[in-house]
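Enquirer: Each residue of the sequence shown is one higher than the last, beginning at 1 in full-length UniProt numbering.
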Amino acid sequence: MVERSLSMREVLLSVLDELEGSADGYYVVVGGITPTPLGEGKSTTTVGLCQALGAFLDKKVVTCLRQPSQGPTFGIKGGAAAANNLLAAAIDTRIFHESTQSDKALFNRLCPPSKEGKRSFSDIMFRRLKKLGITKTKPEDLTPQEVQKFARLDIDPDSITWRRVMDVNDRFLRKITIGQGPEEKGKLRETGFDISVASEIMAVLALTTSLADMRERLGKMVIGNSKAGDPITADDLGVGGALTVLMKDAINPTLMQTLEGTPVLVHAGPFANIAHGNSSIVADKIALKLVGPGGFVVTEAGFGSDIGTEKFMNIKCRYSGLMPQCAIIVATIRALKMHGGGPEVVAGKPLDHAYTTENVALVEAGCVNLTRHISNTKSYGVNVVVAVNMFSTDTEAELNAVDLGIAVQRACENVTQPLKFLYPLDISIKEKIEAIARSYGAKGVEYSEQAEKQIEMYSRQGFSGLPICMAKTQYSFSHNAAEKGAPTGFILPIRDVRASIGAGFIYPLVGTMSTMPGLPTRPCFYDIDLDTATGEAYLWIPENYDYGTDFNSEIVVLALIIEIKDNGPWRGSALRKTATCLGGNLGTSSTSDVQNLLECPVCMNLMYPPIYQNDHKVDMHDGCTFNHRYVKSNPQEIDNATWMLTVFNCFGKQFCLHFEAYQLGMAPVYMAFLRFMGSEAEARQFSYSLEVGGNGRKLIWQGVPRSIRDSYKKVRDSQDGLIIQRNMALFFSGGDQQELKLKVAGRIWKEQ
């Protein structure tokens, strides 16, 4: 591992060599039903599932995710831009110089003499010589005909498919004209920009299996054709090695962690609608070796299973040689209602009444979409599990209508057949496209004149044996985003067909799909700003904003591993209702335990968290790590200071984090401490640490949580916690020291 920053590490590929003899763990892919524009929570479910496996069930687990990109982040996910644009610059530069120089002059500049007057080929030039069938090793031995073949690529400008990229959405760069400067001698050419995550180099990064493999893939990337119709590669331009140097550090996955402390490998970021939509093969392979037999690697495939999971199976698994034991389909009541005929869901607008009130009929009608996703995914021969990501407006009747128990019956341990691909590689490009179209529900495929031309060219050039990566809308099985449910009988239009030869796939463009997204009327950058006092970025959220996912995803997805057993009604919030449905020893289950949990640890009154009662702020969280900020405009006040209680669900138990101000003798102080919702004997099974700091200094406390049966005053008076003198607290707060701004971080762990 190498350190990249204080909060991130890179995992070196040498880990694979060190663990070469180790067996792999279980491999799980998370897809979804056709989403609404708001998204249905695949990433949340993926992370929540891994936290449940690791923190609650004591399994070895690694999450593998794509890196986020700036485009949609500032629009309503980029890293390969530099290498991609270097190649784009090399293309136009070569065309310019070939148009202004003779064969001999061009050759002399490509192979300049040394100080001793001798010319030589660079290592990368031998790749082109080999391609041309020239076995000579000295420039002076080439005949004039060989000099001309070697030096002049003779690129056909109209055949160039390589486009420049950038990391953010910009619709006005979809089509541009370059070469308009006075020094370019009228070498005008129409081209355009793609978003970085749609670039072939990003796909190469995600599909490569080693540094050597990445070098070969980058060198084989085809940018267009010569005027004779032969493909021109990055190695023909002499830039393959430089591209690899730019990408050599990017091949190492980034190691991060969830709030529960479970590891996450973040690597590569291709979109699923306009690229193959999966994180890297190397991250998955490293993770599978690290978790070992009985461990779990959970990776997310972008958008619905018709796009992300299909490409995971037919492209990623083909190149990796890996086989998933389980495929998860994430569904929401909201999306099912939309596919059942509900009103349009628009990002940034309040949800229609149909989505916030019970409507079982809409849910039942929308299940046709879920059914097709299940059927398509089962056709690959893997065990399929459906996870319902619950929202605050879902009702029990609607969940029953979906007829799902959100249960996984040890799917990974009951694999009975090998992975089946949707199509073989030795059939024609059109036959592969049509096989995928049938899985969408199409009755046929219509090819434009341009698409027909490209298919014929790629077949003639010997690329027909590659898999297919459809660039299609994510909002429907069809090409029409307005077609919800499970449409059938439509004709799928193929507008154009392009190729990522280095990455290893052909990608047809379906309908009006664009490889450069545009920004909406109200992009997210309206809500992003910087707190100039603290230097921290923040996201502005409107008051009473409805996120949709009000339920804790970790609790919900625990049912992905444990069969649900309904233990009867639960007194409290719907979140607690979800928690009681879980079998196994994961927390409280009896009525008395429930009452104990829901009693305010200070007032001993029954509560329904989160609440504000008796001036005591009570906040609910899940996780074994925390980072809370406490702000008080008048730090001089002690007697009337509002204290905060935070309740954590962790290791299937509950803990209370207290923070308050009081007078210790004559000195005003602040104190933070942790209590365990259970007996003292149980509390001693856990430990915790607290940390507060600022301005280059910090205080650290480590101890054992006190039992909830000890009153908070008893704990406070025993000084069993992190105590911060007011002057020190103000020093940590920085600024003019007139306002308290404290960050209390910490974690809880179980003693072995």
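Every residue, glycine too, gets a C-beta built ideally from N, C-alpha and C.
#1: Quick check: what's the CA-CA separation for serine 679 versus isoleucine 700?
#2: Can you give the beta carbon distance from glycine 192 to methionine 516, rounded, assuming they're within the 8 angstroms contact cut?
#3: How many angstroms separate the CA atom of lysine 713 from the CA atom of valine 47?
#4: Using a Cβ-Cβ cut-off of 7 angstroms (strictly less than) and excluding sequence neighbours within five positions of asparagine 359, which residues of its own chain qualify?
#5: Would you identify the three-state DSSP class for lysine 337, choosing helix, strand or coil?
#6: If you follow the alpha helix (DSSP H) that glycine 694 is part of, which residue opens it and which one closes it?
#7: Give the C-beta separation of asparagine 273 and threonine 93 to the nearest angstrom, bearing in mind that I take them to be a contact with Cβ-Cβ under 8 angstroms.
#8: Quick one: give me the first and last residue of the beta strand (DSSP E) that valine 264 is part of.
#9: Return the residue from the list Lys653, Gly321, Gly693 that minimises the CA-CA distance to residue 758.
#10: By the 10 Å Cβ neighbour count, where 16 or more other Cβ atoms means buried, how is leucine 425 classified, buried or exposed?
#11: In chain order, what residues of the same chain lie with their CB nearer than 8 angstroms to the CB of phenylalanine 505, ignoring the 5 residues before and after it?
#12: Is the region 276-294 in contact with the region 7-19, if contact means three or more CB pairs nearer than 8 angstroms?
#13: Tell me, to the nearest whole angstrom, how far the beta carbon of phenylalanine 312 is from that of valine 669; I am working on the premise that it is less than 8 angstroms.
#14: From which residue to which residue does the alpha helix (DSSP H) around methionine 256 run?
#15: Rounded to whole angstroms, what's the CA-CA distance from residue 765 to tyrosine 447? Just pull it up for me.
#16: Run through the DSSP bridge pairs and tell me what lysine 285 is partnered with.
#17: Could you tell me if valine 286 is buried or exposed, where buried requires 16 or more neighbouring beta carbons within 10 angstroms of its beta carbon?
#18: What are the boundary residues of the alpha helix (DSSP H) that includes tyrosine 355?
#19: DSSP three-state label for valine 204, please.
#20: Could you check whether serine 379 and lysine 430 sit closer than 8 angstroms to each other, using their CB atoms as the reference points?
#21: Which of helix, strand or coil does DSSP assign to glycine 665?
#22: From the DSSP output, read off the bridge partner residues of arginine 654.
#23: Any contact between the region 327-341 and the region 24-39? By contact I mean 3 or more CB pairs, one from each, below 8 angstroms.
#24: Considering just the uninterrupted stretch of the beta strand (DSSP E) at glutamine 725, what are its terminal residues?
#25: Which word fits valine 168, buried or exposed, when buried means at least 16 other C-beta atoms lie within 10 angstroms of its C-beta?
#26: At which residues does the alpha helix (DSSP H) containing asparagine 480 begin and terminate?
#27: With the cut-off set at 8 angstroms, would you say glycine 269 and valine 197 are in Cβ contact?
#28: Which same chain residues end up closer than 6 angstroms to leucine 674 when comparing Cβ atoms and leaving out the 5 residues on each side of it in sequence?
#29: Measuring straight from C-alpha to C-alpha, what distance separates valine 297 and tyrosine 27?
#30: Would DSSP call lysine 59 helix, strand or coil?
#31: Give every residue of the same chain whose Cβ lies closer than 6 angstroms to the Cβ of serine 222, excluding the five residues on either side of it in the sequence, and list them in chain order.
#32: List the DSSP bridge partners of isoleucine 433.
#33: Where does the unbroken alpha helix (DSSP H) through proline 144 begin, and where does it stop?
#34: Here's the rule: buried if 16 or more other CB atoms are within 10 angstroms of the residue's CB, otherwise exposed. What is glutamate 452?
#35: Can you tell me whether alanine 533 is buried or exposed, with buried defined as 16 or more other CB within 10 angstroms of its CB?
#36: Buried or exposed: where does methionine 666 fall if 16 or more other Cβ atoms within 10 Å of its Cβ makes it buried?
Expert: Walking through what the data contain:
#1: In this model, serine 679 and isoleucine 700 are separated by some 26 angstroms (Cα to Cα).
#2: About 7 angstroms; that satisfies the 8 angstroms criterion.
#3: Each residue's alpha carbon lies about 37 angstroms from the other.
#4: Spatial neighbours of asparagine 359 in its own chain (CB-CB distance under 7 angstroms, excluding positions within 5 residues in sequence) are listed in chain order as Lys337.
#5: Here lysine 337 sits in helix by DSSP.
#6: Unbroken run through glycine 694 is the beta strand (DSSP E), 686-694; no alpha helix (DSSP H).
#7: In this structure, asparagine 273 and threonine 93 do not form a Cβ contact; the two beta carbons are roughly 32 angstroms apart against a cut-off of 8 angstroms.
#8: In the DSSP assignment, valine 264 falls within the unbroken beta strand (DSSP E) covering 263-266.
#9: A question about residue 758 goes unanswered here, because the residues of the chain that appear run from 1 up to 752.
#10: By the neighbour-count rule (16 or more Cβ atoms within 10 Å), leucine 425 is not buried but exposed.
#11: Ala203, His276, Ile315, Leu466, Pro467, Ile468, Cys469, Ala499, listed in sequence order.
#12: With the rule of 3 Cβ pairs closer than 8 angstroms, the region 276-294 counts as touching the region 7-19.
#13: Contact flag wrong, Cβ pair sits at about 55 angstroms.
#14: No alpha helix (DSSP H) contains methionine 256, which is instead part of the beta strand (DSSP E) from 254-257.
#15: No answer is possible for residue 765: it lies beyond the span of the chain, which begins at 1 and ends at 752.
#16: Paired residues: none, contrary to the question.
#17: It should be noted that the sequence gives isoleucine, not valine, for residue 286. Around the C-beta of isoleucine 286, 16 or more other C-beta atoms lie within 10 Å, and the residue is accordingly described as buried.
#18: DSSP places tyrosine 355 in the uninterrupted alpha helix (DSSP H) bounded by 353-356.
#19: The answer is helix: DSSP assigns valine 204 an H, G or I state.
#20: Against a cut-off of 8 angstroms, the Cβ pair of serine 379 and lysine 430 comes out as no contact.
#21: In the structure shown, glycine 665 sits in coil (DSSP, three-state: anything other than H, G, I, E or B).
#22: The question names arginine, yet the displayed sequence has glutamine at residue 654. According to DSSP, which records beta bridges pairwise, glutamine 654 is partnered with Asn649.
#23: As far as the Cβ criterion goes, the region 327-341 touches the region 24-39, which means the pair count is three or higher.
#24: 722-725 is the span of the beta strand (DSSP E), which, as asked, contains glutamine 725.
#25: With 16 or more Cβ atoms within 10 Å of its Cβ, valine 168 is classed as buried.
#26: Secondary structure note for asparagine 480: it is in no alpha helix (DSSP H), with a DSSP letter that is neither H nor E.
#27: Taking 8 angstroms as the cut-off, the beta carbon of glycine 269 is found closer than this to the beta carbon of valine 197.
#28: These residues qualify, in order along the chain: Phe655, Leu657, Tyr688, Pro705.
#29: Straight-line Cα distance between these residues: approximately 5 angstroms.
#30: In the structure shown, lysine 59 sits in coil (DSSP, three-state: anything other than H, G, I, E or B).
#31: According to the sequence provided, residue 222 is valine. The question's serine does not apply to it. Same-chain partners within the cutoff: Pro231, Thr233, Ile501.
#32: DSSP lists no beta-bridge partner residue for isoleucine 433.
#33: Boundaries of the alpha helix (DSSP H) around proline 144: 144-151.
#34: Result: exposed.
#35: With fewer than 16 Cβ atoms within 10 Å of its Cβ, alanine 533 is classed as exposed.
#36: So methionine 666 ends up on the exposed side.
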